Amino acid sequence: MKAVTYSIFTVLLALIACTPKTPSGELINQKASLPATFSVSDLHQKVLTAVINKKEHTMSLLYGDAAAELALKSAIPAQATNFSFTLVTWQQQDDAHWFGARIPGDLISVEKLAKKGADASLVYQKLSGKKLTTVTDTTGTAGRIQFMLSQKVSILP
Amino acid sequence: MKKFLLVSGICVLIVVACLQLIRPKIDHPPVTQDFEAPTAVKVILVRACYDCHSNETNLRWYDKVQPVYWQVAEHIKDGRKGLNFSEWDKLAPAERKAKLWEAVNQIEQGAMPIKSYTFVHGDARVSSADLAVLKNYLQGMVKSAPGDTAKIHDRDLQLQTVGRTGGNKDAKTLNGITYIPDYGNWQIMSTSDRFDNGTMRVIYGNDIAVKAVKEHHINPWPNGTVFAKAAWDQVEDRNGNVTTGAFKQVEFMIKDAEKYQSTRGWGFARFKTPQHIPYGKTAMFTHECISCHEPMKDNDLVFTFPIKN
Chain V
7 MKAVTYSIFT VLLALIACTP KTPSGELINQ KASLPATFSV SDLHQKVLTA VINKKEHTMS
67 LLYGDAAAEL ALKSAIPAQA TNFSFTLVTW QQQDDAHWFG ARIPGDLISV EKLAKKGADA
127 SLVYQKLSGK KLTTVTDTTG TAGRIQFMLS QKVSILP
Chain C
5 MKKFLLVSGI CVLIVVACLQ LIRPKIDHPP VTQDFEAPTA VKVILVRACY DCHSNETNLR
65 WYDKVQPVYW QVAEHIKDGR KGLNFSEWDK LAPAERKAKL WEAVNQIEQG AMPIKSYTFV
125 HGDARVSSAD LAVLKNYLQG MVKSAPGDTA KIHDRDLQLQ TVGRTGGNKD AKTLNGITYI
185 PDYGNWQIMS TSDRFDNGTM RVIYGNDIAV KAVKEHHINP WPNGTVFAKA AWDQVEDRNG
245 NVTTGAFKQV EFMIKDAEKY QSTRGWGFAR FKTPQHIPYG KTAMFTHECI SCHEPMKDND
305 LVFTFPIKN
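Those protein sequences? They're chains V and C, same order as listed. Once you know that position 86 of the first sequence is 92 in the numbering used here, the rest is easy, because the numbers rise by one and skip nothing. Once you know that position 17 of the second sequence is 21 in the numbering used here, the rest is easy, because the numbers rise by one and skip nothing.
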């Protein structure tokens, strides 16, 4: 009897003492995560700015190297050289942890824009969907290049 | 044995009776300005929140019995300090909005009303229908302002001045956290569209944080993890494109289970404006941080869902 009482007491104490922790995997935003084949953090580019489109309900981060940052700060970005941009765009989703916030949801695309060498032309590439497959259709490319080069670097004092 | 139980029982009764004589004071300060809202909203907040979050505390007889009374007094003291609907005039308009969104989030995440309170005061529970009413009320406060000239002006003014003046790189909060200048070069944890207060945010993580995400070791986050959350005004054009406007603030969370043991393993800091003005009138400002992050207690107090990138 004493043993039973002791066991019950121990179980109750364990139940009170243990705080159920959410498994790490559930706290990672899997929907928005990039596939292992494309790791933007390995490019070591800096986030230059963030953009939201309220009509499309999308959000994007524009990454770039040092030359890309200088290009956006120059009068005519298209005339700059040796720069590399990466624009990652997600569909928005409600933040389950904060009513009043939206966070990245499904990964829509990664767009890369680079110009290497003074005489080189702009190279634009678009990867689409969760698996980031290459998009060969070039419709709208000029507009996307214009969009990326027209961004202003966020104020980060 | 029976005699022993009888004597013990009498002793307990005497102690409980004596405890009734020791009573912390629960005052009822004047209502300087009551919170105003549509009746459907007000009714819910009065029922669920006002006992601890207003000067119109309604104590039932069972709240006045010791040792419960001590706990009740403590809840009221802390509750009024965190949010007081009877002194609404003491909050700036932006603070009022922020407090309301925080309150509804606390309710939604199950942190408020506190469980021990609703256990005794069943009528204070907030049903899902009640919560929908509150959320709908807040949604009605969200205003989109394409081409907001004031925000564009603020951004342009900062662009002109920030390059010249810069922020105070040695700024330090009252809990001893110094501004971290190079967070802008860190990798990204996530980004958020805070439509509740018209800001947009980028959450940066240091190398330890990035590695922890890649290895799925984020609950708890490893010692040495640092997050920086920068916030800007949202500047919206007529096509729905929103870009970063004036820089508002940067907040840091630094994980050191030992050093920041008193604040649950995290060092909290906030530096406001491009001048990096440390937030907090006293070192106790961290109570506010903990209180807001409390609903994330099962997630190592972290709100952000990091993105593997």
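All C-beta atoms in this analysis are idealised placements derived from N, C-alpha and C, irrespective of residue type, glycine included. Source: prediction; values computed, not measured.
request  = Report the neighbours of C:Ser194 on chain V: residues whose CB is nearer than 7 Å to its CB, in chain order.
outcome  = Correct list: Asn35, Ile109, Pro110.
Straight-line Cα distance separating C:Lys81 from C:Asp38 = So the two alpha carbons sit approximately 18 Å from each other.
inquiry  = Is there a C-beta anywhere in chain V that falls below 7 Å from the one on C:Trp270?
reply    = It does not: the Cβ of C:Trp270 has no partner Cβ on chain V nearer than 7 Å.
ask   = With contact counted as at least three CB pairs below 8 Å, one residue from each stretch, are the region 181–188 of chain C and the region 284–295 of chain C in contact?
value = The answer is no - the region 284–295 of chain C does not touch the region 181–188 of chain C, with fewer than three Cβ pairs under 8 Å.
key: C:Ile18 in three-state terms, based on DSSP   = DSSP places C:Ile18 in helix when its eight states are reduced to three.
task = Flag V:Ser47 as yes if its beta-carbon sits less than 7 Å from any beta-carbon of chain C, otherwise no.
result = So, interface residue.
ask   = Leaving out the 5 sequence neighbours to the left and right, which residues in its chain are closer than 7 Å to V:Trp96 when beta-carbon positions are compared?
value = Take V:Trp96, set aside five residues on each side of it, and the residues of its chain with a beta-carbon closer than 7 Å to its own are Ala38, Thr64, Met65, Pro110, Gly111, Asp112, Leu113, Ile114, in chain order.
query = Got a sec? Which residues, its chain only, sit under 6 Å from V:Val141 by beta carbon, not counting five neighbours each side?
reply = Excluding five sequence positions before and after V:Val141, the CB atoms of its chain that fall closer than 6 Å to its own CB belong to Lys132, Ser134, given in chain order.
ask   = Does the separation of the CB atoms of C:Val254 and C:Ala287 fall below 7 Å?
value = With contacts defined as CB atoms closer than 7 Å, C:Val254 and C:Ala287 fail to qualify as a contacting pair.
key: Contact set for V:Asp125: own chain, Cβ-Cβ below 6 Å, skip 5 residues either direction   = If we look at V:Asp125 and ignore the five residues flanking it on each side, it has no Cβ neighbours.
ask   = To the nearest angstrom, how far is it from the Cα of V:Ala234 to the Cα of C:Thr248?
value = In the structure displayed, chain V extends from 7 to 163; residue 234 of chain V sits before or after that span and is not available.
ask   = Who are V:Asn59's beta bridge partners in DSSP?
value = V:Asn59 pairs with V:Thr64, C:Asn245.
key: Per-residue DSSP class, three states only, for C:Ile294   = Assignment of C:Ile294 by DSSP, reduced to helix, strand and coil, places it in the helix class.
query = Helix, strand or coil for V:Gly111 per DSSP?
reply = The three-state reading of DSSP puts V:Gly111 in strand, counting E and B together.
Given C:Asp197 as reference, the closest of C:Val206, C:Asn189, C:Gln191 once Cα atoms are compared = Ranking the options by Cα distance to C:Asp197, first place goes to C:Val206.
Alpha helix (DSSP H) runs contained entirely in the region 108–144 of chain C, provided each spans 4 or more residues = Given a length threshold of 4 residues, each whole run of the alpha helix (DSSP H) inside the region 108–144 of chain C is given here in chain order: 119–124, 132–143.
request  = Excluding the 5 residues preceding and the 5 following C:Asp260 in the sequence, name in chain order all residues of the same chain whose CB lies nearer than 6 Å to its CB.
outcome  = Same-chain partners within the cutoff: Asn227.
inquiry  = Looking only at its chain, what residues have a beta carbon closer than 6 Å to the beta carbon of C:Ala175, apart from the 5 residues adjacent to it on each side?
reply    = For C:Ala175, where only same-chain residues beyond five positions count, the Cβ hits under 6 Å are Tyr183, Phe275, His280, Pro282.
query = Can you tell which of C:Lys215, C:Arg51, C:Asn201 has the C-alpha that lies nearest to the C-alpha of C:Pro97?
reply = The shortest Cα separation from C:Pro97 among C:Lys215, C:Arg51, C:Asn201 belongs to C:Asn201.
ask   = Taking the Cβ atom as the reference point for each residue, do C:Gly244 and V:Lys60 lie within a distance shorter than 7 Å?
value = Yes. Within cutoff.
ask   = By the 10 Å Cβ neighbour count, where 16 or more other Cβ atoms means buried, how is C:Pro33 classified, buried or exposed?
value = It counts as exposed.
task = Sort out for me which residues DSSP pairs C:Leu192 with in a bridge.
result = Inspection of the sequence shows that residue 192 of chain C is occupied by Ile rather than by Leu. Answer is C:Tyr208.
key: Cutoff 7 Å: C:Met116 Cβ touching any chain V Cβ   = For C:Met116, the answer is no, since every Cβ of chain V falls outside 7 Å of its Cβ.
key: Within-7 Å CB hit, V:Gly31 to chain C   = For V:Gly31, the answer is yes, since a Cβ of chain C falls inside 7 Å of its Cβ.
ask   = What residues from chain C crowd round V:Gln98, counting only those whose CB sits closer than 9 Å?
value = Chain C residues near V:Gln98: Asp197.
inquiry  = Does C:Trp74 pass the burial test, meaning 16 or more other C-beta atoms within 10 Å, or should it be called exposed?
reply    = It is exposed - the Cβ of C:Trp74 has fewer than 16 other Cβ atoms within 10 Å.
query = Which of helix, strand or coil does DSSP assign to V:Thr11?
reply = Only weak support exists for where V:Thr11 lies, its pLDDT of 46 falling under 50; the value from the coordinates is given anyway. In this structure, V:Thr11 counts as helix in the three-state DSSP scheme.
task = Count the CB pairs spanning the region 216–223 of chain C and the region 135–149 of chain C that are closer than 8 Å, and state whether there are at least three.
result = The region 216–223 of chain C, when compared against the region 135–149 of chain C, does not touch it at the 8 Å Cβ threshold.
message = Run through chain V and tell me which residues come within less than 8 Å of C:Ala250, C-beta to C-beta.
response = Simply Ile161.
ask   = Can you tell me the Cα-Cα spacing of V:Asp85 and V:Val159, whole angstroms?
value = Rather than Asp, the amino acid found at residue 85 of chain V in this sequence is Gln. Rounded to the nearest whole angstrom, the CA to CA distance from V:Gln85 to V:Val159 is 17 Å.
inquiry  = Which same chain residues end up closer than 7 Å to C:Pro278 when comparing Cβ atoms and leaving out the 5 residues on each side of it in sequence?
reply    = For C:Pro278, where only same-chain residues beyond five positions count, the Cβ hits under 7 Å are Gln162, Val166, Gly171, Phe251.
request  = Quick one: using the 10 Å Cβ neighbour count with 16 as the cut-off for buried, is C:Glu112 buried or exposed?
outcome  = Buried: at least 16 other Cβ atoms inside 10 Å.
query = C:Leu163 versus chain V: which residues are under 7 Å apart at the beta carbon?
reply = Scanning chain V for C-beta atoms nearer than 7 Å to the C-beta of C:Leu163 yields Ile161, reported in chain order.
request  = Could you tell me whether the Cβ of V:Ser39 comes closer than 7 Å to any Cβ of chain C?
outcome  = V:Ser39 counts as touching chain C.
query = Are the region 46–65 of chain C and the region 119–139 of chain C touching, with three or more C-beta to C-beta distances below 8 Å?
reply = Contact between the region 46–65 of chain C and the region 119–139 of chain C is established, with three or more Cβ pairs separated by less than 8 Å.
message = For C:Leu87, which residues in the same chain have their Cβ closer than 7 Å to its Cβ, ignoring the five residues on either side in sequence?
response = Around C:Leu87: His57, Lys103, Ala107.
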